[in-house]
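Asker: Structure provided below as structure tokens; questions to follow.
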Amino acid sequence: MALASRTAMRWVRLRSPCPATSSLCMPSWLPAGAMACERLYSSRGKDKLDMSVYPVESIRNFSIIAHVDHGKSTLADRLLEITGTIAKTNHNKQVLDKLQVERERGITVKAQSASLFYKHEGVNYLLNLIDTPGHVDFSYEVSRSLSACQGVILVVDANEGIQAQTVANFYLAFEAQLAIIPVINKIDLKNADPERVEKQIEKLFDIPTDECIRISAKQGTNVEKVLQKVIEKIPPPQCKTADPLKALVFDSTFDHYRGVIANVALFGGEIQKGQKIVSAHTKKRYDVNEVGILTPDQQPTHKLYAGQVGYLIAGMKEVTEAQVGDTLFLYKQPVEPLPGFKSAKPMVFAGMYPVDQTEYNNLKSALERLTLNDSSVTVHRDSSLALGAGWRLGFLGLLHMEVFNQRLEQEYNMSVILTAPTVPYKATLSSAKLIKEYGQTEMTIINPAHFPDKLSVSEYLEPTVLGTIVTPHEYIGKIITLCQDRRAVQKDMMYIDEHRVMLKYLFPLNEIVVDFYDALKSLSSGYASFDYEDAGYQPADLIKMDILLNGNPVEELATIIHNDKAYATGKFLCERLKDAIPRQLFEIAIQAAIGKKIIARETLKAYRKNVVAKCYGGDITRRMKLLRRQAEGKKLMRKIGNVEVPKDAFIRVLKRQTDK
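Mind the numbering: the sequence shown is residues 1 to 660 in the UniProt record's numbering, read in order.
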């Protein structure tokens with residue numbers, strides 16, 4: 001009884017009103033955990049930001065673009081520090097690179113945005129910064145980011161000068177008619193030569209040398225000048241708050257508890273919690289639960305206004321509901337949808353299968369959530385006799401494929417089998433039956449199993465790319481030889497300055513997709529850079545090569561290749577299979593065939609018992625009789641025996657041929 005009364009007394013005391021405020025309060029003698037909990041709730045209830053104090057005229061939306069490793073993320077860190085968005089510490093390295101794969105590889109994979117508040121000449125400005133990836137495989141992220149901007153900071157390394165991706169990113173911004181601020185970074189390095197880089201920028205991009213800003217993002221030198229130039233040179237967004245709501249979804253992520261979080265750029269109107277919005281793509285209606293800005297963490301606000309960039313949570317539970325490029329508008333106030341983005345064009349295809357088929361549904365949901373965050377990946381259902389049910393995924397390049405696979409493992413704990421990458425071919429059909437079946441005269445071939453026979457096709461087409469190589473002039477000879485080995489056609493050659501050359505080549509895509517970049521780097525001691533863009537399709541002498549085991553074709557190992565490369569590839573695959581397939585009691589013939597013609601062969605010898613071991617002397621006919629009987633048995637066994645290739649052998653042969 002005494003215990004019960006003591007508990008009741010404690011409860012009464014806990015809920016007693018505070019003498020100062022006459023409201024329920026937490027007494028000071030409570031444990032630290034409860035006090036911390038109280039602080040957490042009081043901080044959650046803190047005042048939301050009022051974004052109405054930033055009219056359209058004082059908003060600047062800009063991106064940072066550059067070649068790989070020229071200091072984009074470091075410059076973004078310094079800008080965040082100068083504007084007071086993050087505290088100034090020695091630990092601020094790649095603050096906007098939040099993914100584990102980005103930290104491990106030291107590259108930016110996802111474009112990340114942050115809102116900065118900056119006072120210039122007595123006026124408060126809202127600067128929306130987007131840090132973009134530098135690698136060619138993620139150029140889709142860059143083009144998407146530029147749609148939400150009015151200007152860019154083009155960063156060039158003072159040591160390395162203009163590289164291939166610098167040129168590609170400049171033209172992306174130039175075609176989008178954005179204001180461009182050239183910034184020369186890393187002037188603190190011993191070998192930095194900013195004068196040479198300024199001349200390169202003037203020669204290639206026609207930007208006067210006096211417009212270039214020399215900075216050191218690492219040490220913070222002259223970074224303040226960059227912010228001032230952003231305010232002076234980049235125009236504010238052309239939109240009005242009085243217009244009806246028009247919001248562009250330029251990125252989205254999935255949260256297990258809150259559903260889809262959409263990153264939006266407002267091209268008109270305003271949005272706040274409680275409003276009903278409609279998606280132009282799905283026509284579904286949602287209630288807005290929360291709006292806010294990214295600083296770079298989520299910071300809720302009362303409203304978002306025209307010209308501002310932020311995030312929106314509206315109870316979208318399905319990953320397919322927040323399509324990147326979609327337009328959101330208020331219920332019963334429809335608007336003309338924004339043009340959105342042209343869909344990404346996959347350059348590389350690979351099969352993806354769960355290691356264990358029981359994991360199929362888990363992998364399916366992981367793929368759906370990850371493709372929401374990376375909309376440039378295309379997904380098609382596929383199945384294989386050896387590997388079971390899976391998908392055929394389209395990627396923008398090989399690094400994109402590796403990063404996607406790494407993110408699946410790290411973020412969703414999924415281990416998968418990824419087959420060797422292939423490229424999409426086309427065939428112009430001449431057979432009336434096939435034209436009727438496909439409904440058009442041209443078919444796209446993603447899977448070698450669907451390769452049509454030569455008799456029903458007038459010509460085969462292979463994808464090509466226009467490659468740009470920037471290299472020091474002493475490596476030109478080696479690089480030209482490499483390009484010729486890859487069936488490339490030279491289109492242009494230009495000296496950027498007295499030491500650097502820019503080469504343009506037309507490459508067949510399948511020649512550069514696996515190991516061209518590695519070969520180029522090793523030939524040029526790491527100094528050459530490479531970038532490519534789609535150049536359409538052109539006719540090619542393509543063939544389908546089958547792999548036969550004892551005369552039976554193995555569907556999973558069929559490949560589409562150019563006729564000139566058939567023998568070398570066939571020999572390589574046969575050798576690899578010989579090492580991968582376990583020996584049997586009968587001989588296995590591993591053959592590479594084009595139609596009925598065998599072009600390469602390896603023989604896997606049988607396990608063989610020594611049947612003459614018991615013969616110790618005697619007539620030779622006895623010995624020959626035993627050997628003949630064994631040969632007949634092996635022959636019969638080979639006729640009825642089935643070669644089953646184990647799954648791990650498939651994986652070893654199908655996965656990327658790194659040791660080629």
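Think of the CB as a built atom: it goes at the ideal place given N, C-alpha and C, for glycine as much as any other residue.
All values derive from a computational prediction rather than experimental measurement.
#1: Span of the beta strand (DSSP E) holding Gln-484?
#2: With 16 as the cutoff for other CB atoms within 10 Å, does Cys-615 come out buried or exposed?
#3: Can you tell me which of Gly-151, Leu-79, Asp-193 and Leu-204 puts its alpha carbon nearest to the alpha carbon of Leu-116?
#4: Classify Asp-137 as buried or exposed, calling it buried when 16 or more other Cβ atoms lie within 10 Å of its own Cβ.
#5: Nearest to His-281 by CA position, among Ile-65, Glu-336, Thr-603 and Gly-151, is which residue?
#6: With which residues is Met-352 paired in a DSSP beta bridge?
#7: Exposed or buried, which one is Asp-564 when buried takes at least 16 other CB atoms within 10 Å?
#8: Should Arg-392 go down as buried or exposed, given a rule of 16 or more other Cβ atoms within 10 Å for buried?
#9: Could you tell me which uninterrupted alpha helix (DSSP H) segments, each at least 4 residues in length, are contained entirely in the segment 190-245, listed from first to last along the chain?
#10: Pull up the CB-CB distance for Cys-239 and Gly-307, whole angstroms please, since I reckon it's below 8 angstroms.
#11: Considering just the uninterrupted stretch of the alpha helix (DSSP H) at Asn-405, what are its terminal residues?
#12: Kindly indicate which three-state DSSP category Ile-620 falls into: helix, strand or coil?
#13: Start and end of the beta strand (DSSP E) containing Leu-146?
#14: Counting Cβ pairs closer than 8 angstroms, one from the segment 147-165 and one from the segment 60-74, do we hit at least three?
#15: Who does Phe-329 pair with in a DSSP beta bridge?
#16: Count the other CB atoms, across all protein chains shown, that sit within 10 Å of the CB of His-67; report buried if there are 16 or more and exposed otherwise.
#17: Can you give me the C-alpha to C-alpha distance between Asp-131 and Glu-402, rounded to a whole angstrom?
#18: Can you tell me whether DSSP reads His-380 as helix, strand or coil?
#19: If we ignore side chains and look at the alpha-carbon of each, how far apart do Arg-486 and Gln-200 end up?
#20: Is Leu-330 near Ser-279, with beta carbons less than 9 angstroms apart?
#21: Rounded to whole angstroms, what's the CA-CA distance from Lys-609 to Ser-522? Just pull it up for me.
#22: Are three or more beta carbon pairs between the segment 256-271 and the segment 312-322 nearer than 8 angstroms?
#23: Applying the 10 Å Cβ sphere with the 16-neighbour rule, what's the burial state of Glu-575?
#24: Along the chain, where does the beta strand (DSSP E) containing Glu-270 start, and where does it finish?
#25: From the DSSP output, in three-state form, read off Ser-524 for me.
#26: Could you tell me which of Val-416, Gln-538 and His-473 sits nearest to Pro-424, measuring between CA atoms?
#27: Let's see if you can read the secondary structure: which residues bound the beta strand (DSSP E) around Asp-579?
#28: Could you check the C-alpha separation between Met-51 and Leu-434 for me, to the nearest Å?
#29: By the three-class DSSP mapping on this structure, what secondary structure does Asp-131 have?
#30: So Asn-263 is in the beta strand (DSSP E); what residue range does that whole segment cover?
#31: Is the distance from the Cβ of Ile-594 to the Cβ of Lys-544 below 9 angstroms?
#32: Here's the rule: buried if 16 or more other CB atoms are within 10 angstroms of the residue's CB, otherwise exposed. What is Ser-383?
#33: Given this structure, state the Cα-to-Cα distance separating Asp-356 from Arg-381, to the nearest angstrom.
#34: Just the Cα atoms here: how many angstroms apart are Ser-43 and Thr-301?
#35: How would you call Asn-263, buried or exposed, if buried means at least 16 neighbouring beta carbons within 10 angstroms?
#36: Give me the residue from Ile-293, Val-377, Asp-77 and Ser-113 with the minimum Cα distance to Tyr-140.
Answerer: Based on what the coordinates show:
#1: Residue numbering aside, residue 484 sits at position 484 when the sequence shown is read from its first letter. Premise fails: Gln-484 lies in the alpha helix (DSSP H), 476-485, not in any beta strand (DSSP E).
#2: On the sequence shown, position 615 is the one that residue 615 refers to. So Cys-615 ends up on the exposed side.
#3: Taking the first residue of the sequence shown as 1, we reach residue 116 at position 116. Nearest C-alpha to Leu-116: Leu-79.
#4: Within the sequence shown, numbered from 1, the residue matching residue 137 stands at position 137. That one is buried.
#5: Taking the first residue of the sequence shown as 1, we reach residue 281 at position 281. Here the closest residue by C-alpha is Glu-336.
#6: Locating residue 352 in the sequence shown gives position 352, where the first residue counts as 1. According to DSSP, which records beta bridges pairwise, Met-352 is partnered with Trp-391 and Leu-418.
#7: Start at 1 with the first residue of the sequence shown, and residue 564 comes out as number 564. Exposed, because fewer than 16 other Cβ atoms sit within 10 Å of the Cβ of Asp-564.
#8: Here residue 392 is taken as the residue at index 392 of the sequence shown, counted from 1. With 16 or more Cβ atoms within 10 Å of its Cβ, Arg-392 is classed as buried.
#9: 194-205 and 223-233
#10: What you label residue 239 is simply residue 239 of the sequence shown in a count that begins at 1. What you label residue 307 is simply residue 307 of the sequence shown in a count that begins at 1. 5 angstroms between Cβ atoms; contact.
#11: Working through the sequence shown from its first residue, we reach residue 405 at position 405. That run of the alpha helix (DSSP H) goes 398-412.
#12: The residue labelled residue 620 in the question sits at position 620 within the sequence shown. It is helical.
#13: Locating residue 146 in the sequence shown gives position 146, counting from the first residue. Careful: Leu-146 lies outside any beta strand (DSSP E), inside the alpha helix (DSSP H) at 139-146.
#14: yes
#15: The residue you call residue 329 lines up with position 329 of the sequence shown. Phe-329 is bridged to Val-278.
#16: Taking the first residue of the sequence shown as 1, we reach residue 67 at position 67. The residue in question, His-67, is buried, as its Cβ has 16 or more Cβ neighbours within 10 Å.
#17: Residue mapping note: residue 131 aligns to position 131 of the sequence shown, counting from 1. Residue mapping note: residue 402 aligns to position 402 of the sequence shown, counting from 1. Approximately 21 angstroms between the Cα atoms of the pair.
#18: As a first step, residue 380 is located in the sequence shown; it is residue number 380 there, counting from the start. Looking at His-380 - three-state DSSP - the assignment turns out to be strand.
#19: Here residue 486 corresponds to residue number 486 of the sequence shown, with the count starting at 1. Here residue 200 corresponds to residue number 200 of the sequence shown, with the count starting at 1. Roughly 29 angstroms between the two C-alpha positions.
#20: As a working mapping, residue 330 is identified with position 330 in the sequence shown. As a working mapping, residue 279 is identified with position 279 in the sequence shown. Not closer than 9 angstroms, so no.
#21: In the sequence shown, the residue the question calls residue 609 occupies position 609. In the sequence shown, the residue the question calls residue 522 occupies position 522. Distance between the alpha carbons of Lys-609 and Ser-522: 49 angstroms.
#22: yes
#23: Numbered from 1 along the sequence shown, position 575 holds the residue referred to as residue 575. Exposed is the call here.
#24: What you label residue 270 is simply residue 270 of the sequence shown in a count that begins at 1. First-last of the beta strand (DSSP E) with Glu-270: 270-272.
#25: Sequence index remark: in the sequence shown, residue 524 carries index 524 (1-based). DSSP places Ser-524 in coil when its eight states are reduced to three.
#26: Residue numbering aside, residue 424 sits at position 424 when the sequence shown is read from its first letter. Residue Gln-538 is the option with its Cα nearest to Pro-424.
#27: Indexing the sequence shown from 1 puts residue 579 at position 579. That residue, Asp-579, is in no beta strand (DSSP E); its alpha helix (DSSP H) goes 566-580.
#28: Walking along the sequence shown from the start, residue 51 turns up at place 51. Walking along the sequence shown from the start, residue 434 turns up at place 434. Each residue's Cα considered, the two are about 60 angstroms apart.
#29: One-based indexing of the sequence shown puts residue 131 at position 131. DSSP places Asp-131 in strand when its eight states are reduced to three.
#30: Your numbering for residue 263 matches position 263 in the sequence shown. That run of the beta strand (DSSP E) goes 259-266.
#31: Counting from one through the sequence shown, the residue named residue 594 turns up at place 594. Counting from one through the sequence shown, the residue named residue 544 turns up at place 544. Yes, these two residues count as a Cβ contact at 9 angstroms.
#32: Here residue 383 refers to the residue found at position 383 when the sequence shown is read from its first residue. So Ser-383 ends up on the exposed side.
#33: Within the sequence shown, residue 356 is the residue found at index 356, counting from 1. Within the sequence shown, residue 381 is the residue found at index 381, counting from 1. Distance between the alpha carbons of Asp-356 and Arg-381 is about 17 angstroms.
#34: By one-based count along the sequence shown, residue 43 stands at place 43. By one-based count along the sequence shown, residue 301 stands at place 301. For Ser-43, the predicted model reports a pLDDT of 35, less than 50, meaning its position is unreliable and no value from the coordinates is stated.
#35: Start at 1 with the first residue of the sequence shown, and residue 263 comes out as number 263. Classification of Asn-263: buried, given that the 10 Å Cβ count is 16 or more.
#36: The residue given as residue 140 occupies position 140 in the sequence shown. Checking every option, the nearest Cα to that of Tyr-140 belongs to Val-377.
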